[in-house]
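Inspection log for the structure reproduced underneath, given as structure tokens.
Residue numbers (this note's numbering), protein chains in the order written: chain A, 66 to 431; chain B, 66 to 431.
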């Protein structure tokens with residue numbers, strides 16, 4: 066049994082928002098723009114979205130209060146803003162945080178839901194149409210049915226997973242990523258890489274998701290060595306954004322796996338950036354998988370253009386630099402927490418708690 | 066600028082209709098089933114669809130009057146049936162003909178359109194949701210926004226191309242293709258091949274369409290030599306259906322090219338099966354392209370697992386057997402007709418009328 070579903074219309078290229086603006090008119094006459102405090106203003110994406118909306122005489126209101134790892138409370142604030150403004154659709158501009166928040170806001174605008182029901186569904190009332198404008202090349206949220214929010218009740222990140230929150234349109238313009246600081250470019254690229262790698266190692270992998278994952282890994286493999294070698298050209302930025310989108314399409318089908326389960330704890334408890342968290346754990350995670358599925362891991366390193374896992378480790382160590390410190394108690398606590406994550410079940414080799422603890426401990430030389 | 070849009074949900078695997086039946090309930094409570102006189106009854110597909118609808122208490126009516134290369138008149142009859150029954154969605158079961166007719170019926174059910182406006186749009190009123198169940202592995206219509214109808218006004222086939230007619234759901238169960246006669250299996254596989262090949266040679270090709278085309282060609286290349294060697298196993302049938310779907314996704318983005326333009330004349334005037342028509346012309350078409358784009362054609366033969374175009378010619382000649390006879394006058398007439406086709410403009414090397422005539426003449430040793 067195979068399923069393929071990817072209803073998001075993807076428009077990409079420099080200037081694509083203005084060029085394809087007319088598509089927005091089909092979604093409504095009032096838009097809530099959801100973004101962070103600064104970056105969308107600095108990188109030109111907010112300006113382009115506003116210009117497109119102005120040209121179509123679509124009224125809009127900007128909700129620019131999204132921080133990294135957005136909370137449920139922020140999403141509820143945004144939903145109130147959407148209701149008060151009478152938004153007919155939402156536009157999320159930013160990294161994963163803004164797009165994920167936009168999705169939750171789209172759900173909450175017309176649905177009164179407690180925290181638990183927000184994550185589980187079902188939603189009795191309509192969900193606002195969503196437009197996604199990624200300004201980093203990493204999360205792939207522009208083409209997924211997931212919204213990842215910080216869930217203080219469970220002390221981790223929790224996901225909404227619903228076909229209702231697939232963005233209707235994703236605009237991919239790599240020029241918005243040109244001024245990203247080097248560590249952000251690295252962390253987000255590693256996030257995209259983890260999506261492609263984990264999709265390939267998911268029990269839900271399909272023929273189509275594997276084609277997309279393979280292409281994504283091949284592109285990221287070529288880009289990785291360039292990321293800390295001075296300014297990236299526009300062509301490389303476009304390739305990274307494209308590979309990140311492909312990896313998003315992959316996890317839309319496969320979900321993520323134990324690597325993300327562990328990464329969420331590092332982010333929640335240690336405030337380590339999401340992509341970086343996955344990157345720090347990736348080598349040991351793949352060693353764990355390789356014990357039972359050497360072929361799959363060899364395929365991955367081959368697609369990345371690397372000889373073996375050691376070469377990947379050297380590359381990631383160089384890019385991610387000095388690691389944070391984790392105590393033995395933390396490794397135990399994080400592995401216990403990761404064991405409860407739903408995405409753990411997607412992993413082709415199911416880890417026990419001890420396996421997770423070992424992966425974390427080895428990754429941080431605990 | 067790149068665009069990706071593939072909103073059809075694809076469910077595949079043996080028994081997928083019954084397994085995923087619940088999806089149908091979201092489309093409405095009354096369905097018009099659109100199919101041909103015989104094959105859907107014989108191959109089990111109609112039975113499975115009826116069982117699924119019965120289990121959901123969805124009322125249905127069967128319109129089983131679709132022939133090969135369906136006409137506008139047939140589509141109008143179907144639309145009348147849809148209106149009279151009060152259908153809320155349509156289900157096309159069959160080869161390209163039934164699915165293409167279902168799409169036109171879905172448009173015409175609520176839209177009063179003359180022949181010209183049916184092909185050009187726009188449609189003021191809603192288009193009924195469409196479900197597609199392919200019973201051959203060739204047209205890819207289950208995942209395209211095209212409906213190809215015989216257009217006696219223009220003496221050829223004409224296409225509706227509208228995002229409104231992307232099927233909502235496609236059910237791919239290869240068991241319905243198991244009893245196809247050998248020539249039908251061959252002709253439809255060659256049709257799928259022509260979609261993948263032409264998509265690769267289209268000016269509209271994108272990075273994503275090329276990945277899908279490459280995968281489709283690699284699979285079809287492995288299957289081609291088996292097609293006339295006795296019964297195909299279920300696994301091969303599944304691969305053919307999958308490759309045909311991929312090739313459909315390709316042309317949804319790239320359109321078809323001059324090969325289809327010429328093929329339509331062979332079908333309209335000589336009643337040559339659609340896939341076979343493309344197959345008979347394919348070698349000379351590729352020779353024509355290769356003069357200017359040798360790399361692209363080499364890539365294609367490489368993906369097919371063949372050394373060169375001659376090997377493809379030998380393979381196609383063996384599968385398609387004795388060719389029909391075409392006169393010099395016919396070659397002239399068909400090339401003049403093909404020159405007017407819209408899809409001609411998609412070809413990376415634009416042919417003049419003389420080029421088309423030469424391709425047809427050489428293909429049939431005129």
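All C-beta atoms in this analysis are idealised placements derived from N, C-alpha and C, irrespective of residue type, glycine included.
Exercise. Do residue 89/B and residue 116/B come within 8 Å of each other at the CB atom, strictly closer than that value?
Worked result: What you label residue 116/B is simply residue 51 of the second chain in a count that begins at 1. What you label residue 89/B is simply residue 24 of the second chain in a count that begins at 1. No, Cβ-Cβ distance for residue 116/B and residue 89/B is not below 8 Å.
Counting C-beta neighbours from all protein chains within 10 Å, is the total for residue 66/B 16 or more, i.e. buried, or is it exposed?
On the second chain, residue 66/B is found 1 positions in, with the first residue counted as 1. So residue 66/B ends up on the exposed side.
Chain-ordered neighbours of residue 329/A on chain B, where CB pairs are closer than 8 Å: Numbered from its first residue, the first chain carries residue 329/A at position 264. What residue 329/A touches in chain B: nothing, since even the nearest Cβ is about 29 Å away.
- Query: Quick one: any contact between the stretch 245-255 of chain A and the stretch 208-217 of chain A, if contact means 3 or more CB pairs under 8 Å?
  - Reply: No: the two stretches stay apart, fewer than three of their Cβ pairs being nearer than 8 Å.
Point to revise | Length of the line joining the Cα atoms of residue 314/B and residue 228/B | key: As a working note, residue 314/B is residue 249 in the second chain. As a working note, residue 228/B is residue 163 in the second chain. The straight-line gap from Cα to Cα measures roughly 13 Å.
For this session: Can you tell me which of the three DSSP states residue 409/B falls into?
Result: For the purposes of this step, residue 409/B is identified with residue 344 of the second chain, where counting begins at 1. DSSP places residue 409/B in helix when its eight states are reduced to three.
Checklist entry - Residues bridged to residue 154/A by DSSP? => result The residue you call residue 154/A lines up with position 89 of the first chain. DSSP, once it has assigned bridges, lists 96/A as partnering residue 154/A.
**OP:** State yes or no: is the beta carbon of residue 276/A nearer than 8 Å to at least one beta carbon in chain B?
**Re:** Within the first chain, residue 276/A is the residue found at index 211, counting from 1. With 8 Å as the cut-off, residue 276/A counts as an interface residue toward chain B.
- Message: Tell me whether the stretch 172-189 of chain A and the stretch 222-238 of chain A touch, counting them as touching only if at least three CB pairs, one residue from each stretch, are closer than 8 Å.
- Response: yes
Proximal chain B residues relative to residue 72/A, where beta-carbon distance stays under 7 Å:
By one-based count along the first chain, residue 72/A stands at place 7. Residues of chain B passing the Cβ test: 72.
Run the CB neighbour count on residue 267/A, radius 10 Å, all protein chains shown included, and call it buried at 16 or more, exposed below.
Within the first chain, numbered from 1, the residue matching residue 267/A stands at position 202. Buried is the call here.
- [ ] Measure the C-alpha to C-alpha separation of residue 372/A and residue 348/A and round it to an integer number of angstroms.
- [x] Within the first chain, residue 372/A is the residue found at index 307, counting from 1. Within the first chain, residue 348/A is the residue found at index 283, counting from 1. Spanning the two alpha carbons is a distance of roughly 14 Å.
- Below 9 Å between beta carbons is the criterion; list the residues of the stretch 79-112 of chain A that meet it against any residue of chain B, in chain order. 79, 80, 81, 84 and 85
Whole alpha helix (DSSP H) elements within the stretch 272-297 of chain A, 4-residue minimum: 272-288
Query raised in the report: Can you list the residues of chain B that residue 69/A reaches, using a CB-CB cut of under 7 Å?
Result: Counting from 1 along the first chain, the entry for residue 69/A is found at position 4. Chain B residues near residue 69/A: 75.
For this session: Starting from the Cα of residue 80/B, find the closest Cα among 338/B, 357/B, 402/B and 237/B and give me that residue.
Result: Translated into positions along the second chain, residue 80/B becomes position 15. Out of 338/B, 357/B, 402/B and 237/B, 237/B has the C-alpha closest to the C-alpha of residue 80/B.
Reduced DSSP secondary structure (H/G/I, E/B, other) of residue 193/A:
Locating residue 193/A in the first chain gives position 128, counting from the first residue. It is coil, neither helix nor strand.
Q.
Output needed for residue 408/A: all residues of its chain with C-beta closer than 7 Å, excluding positions within five of it in sequence on either side, in chain order.
A. Start at 1 with the first residue of the first chain, and residue 408/A comes out as number 343. Annotation for residue 408/A: 320, 321, 322, 325 and 326 place their beta carbon closer than 7 Å to its own, counting only its chain and skipping 5 residues before and after.
Identify, in the order they occur along the chain, each residue of the same chain with its Cβ nearer than 6 Å to the Cβ of residue 340/A, setting aside the five sequence neighbours on each side.
Start at 1 with the first residue of the first chain, and residue 340/A comes out as number 275. Closer than 6 Å at Cβ, skipping near neighbours: 203, 252, 253, 255 and 256.
| If you compare alpha carbons, which of 94/A, 75/A and 222/A is closest to residue 205/A? | Taking the first chain and counting its residues from 1, the one referred to as residue 205/A is at position 140. When 94/A, 75/A and 222/A are compared, the shortest CA-CA separation from residue 205/A is found for 75/A.
**Prompt:** Does the beta carbon of residue 55/A sit closer than 8 Å to a beta carbon anywhere in chain B?
**Reply:** Not covered by the structure: residue 55/A. The range shown for chain A is 66 to 431.
Could you tell me whether the stretch 193-202 of chain B touches the stretch 147-159 of chain B, using the rule of 3 or more Cβ pairs below 8 Å? Under the 8 Å Cβ criterion, the stretch 193-202 of chain B counts as touching the stretch 147-159 of chain B, having at least three qualifying pairs.
For a minimum of 4 consecutive residues, which ranges assigned as the alpha helix (DSSP H) are wholly contained in the stretch 301-337 of chain A?
Fully enclosed alpha helix (DSSP H) runs of 4 or longer: 323-335.
Closer than 8 Å to chain A by CB, residue 280/B:
For the purposes of this step, residue 280/B is taken as the residue at position 215 of the second chain. Interface residue, yes.
Pick helix, strand or coil for residue 371/B, following the three-state DSSP scheme. Position 306 of the second chain, counted from the first residue, corresponds to residue 371/B. The answer is coil: DSSP assigns residue 371/B none of H, G, I, E or B.
**Q.** Buried/exposed call for residue 298/B, threshold 16 Cβ in 10 Å
**A.** Working through the second chain from its first residue, we reach residue 298/B at position 233. Exposed, by the Cβ-count rule.
Worksheet entry | Collapsed DSSP secondary structure at residue 236/A in the structure displayed | The residue you call residue 236/A lines up with position 171 of the first chain. The answer is strand: DSSP assigns residue 236/A an E or B state.
### Task
Please decide whether residue 164/B counts as near chain A, where near means a Cβ-Cβ distance under 8 Å.
Your numbering for residue 164/B matches position 99 in the second chain. Chain A, which has no Cβ nearer than 8 Å to the Cβ of residue 164/B, makes this no.
key: Buried/exposed call for residue 210/B, threshold 16 Cβ in 10 Å   = The sequence position of residue 210/B within the second chain is 145, counting from 1. It is buried - the Cβ of residue 210/B has at least 16 other Cβ atoms within 10 Å.
**OP:** Within 10 angstroms of the Cβ of residue 288/A, are there 16 or more other Cβ atoms? Answer buried if so, exposed if not.
**Re:** Locating residue 288/A in the first chain gives position 223, where the first residue counts as 1. Buried is the call here.
Assign residue 304/B to buried or exposed, taking buried as 16 or more other Cβ atoms, counted over all protein chains shown, within 10 Å of its Cβ.
-> Counted from its first residue, the second chain places residue 304/B at position 239. By the neighbour-count criterion, in which 16 or more other beta carbons inside 10 Å mark a residue as buried, residue 304/B falls on the buried side.
Checklist line | is_contact[residue 66/B, chain A] using C-beta, thresh 8 Å | finding: One-based indexing of the second chain puts residue 66/B at position 1. Judged by the 8 Å Cβ criterion, residue 66/B is in contact with chain A.
Taking 6 Å as the limit between beta carbons, can you name the residues of its chain near residue 399/B, skipping five residues before and five after? Along the second chain, one-based indexing puts residue 399/B at 334. Non-local C-beta neighbours of residue 399/B in its own chain, meaning closer than 6 Å and more than five positions away in sequence, comprise 330 and 425, ordered along the chain.
ask   = Any idea if residue 295/B is buried or exposed, counting beta-carbon neighbours within 10 angstroms, 16 or more meaning buried?
value = Counted from its first residue, the second chain places residue 295/B at position 230. Burial call: exposed.
Bounding residues of the beta strand (DSSP E) (the contiguous stretch that carries residue 216/B):
The residue you call residue 216/B lines up with position 151 of the second chain. Start and end: 211-216.
Worksheet item: Is there a Cβ from chain B that is less than 8 Å from the Cβ of residue 125/A?
Response: Within the first chain, the letter at position 60 stands for residue 125/A. Residue 125/A does not count as touching chain B.
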